[in-house]
Amino acid sequence: MADRTGLTDEERAELEQLRAEKAAREQAERAAAERAELDRLRRQKAEDEAMRASLERDAEARERGRALMEPDDDDLRMPLGQKVVILAVVGVAIVWLAATVLG
């Protein structure tokens with residue numbers, strides 16, 4: 047029989063069982079939190095890499111555009127890109143003028 051200050055063997059066993067269940071739940075919660083953090087960090091890393099790749103593509107495109115529209119070195123000749131733009135504008139103007147005069 048148990049005295050008033052202590053637990054019976056059955057109560058002690060139940061207490062140990064409940065403590066073990068609580069420890070298992072807490073461990074599972076910690077593991078789930080760690081998995082969630084790992085997933086979040088992986089997503090963030092993937093987003094960062096995608097952003098970096100996007101910035102690199104944009105920088106390469108700007109460099110190609112700059113090379114196309116700016117003259118080489120100290121050469122004063124007009125770059126090919128500017129010639130194409132001017133010819134396109136002149137072509138549109140000729141078509142518009144022909145349409146208004148002949149139309």
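If you're matching positions, the sequence shown starts at 47 in the working numbering and goes up one per residue. Beta carbons: idealized from backbone N, C-alpha and C, even for Gly. Only a predicted model underlies this, so the values are computations on that prediction, with no experimental measurement involved.
Residue range of the alpha helix (DSSP H) that includes residue i
i: T146; result: L126 to L148
i: L64; result: D55 to M115
Candidates the options: closest to residue i by CA position
i: P125; options: I132, E116, E67 and A145; result: E116
Short Cβ contact (7 Å threshold) for residue i with residue j
i: L148; j: G127; result: no
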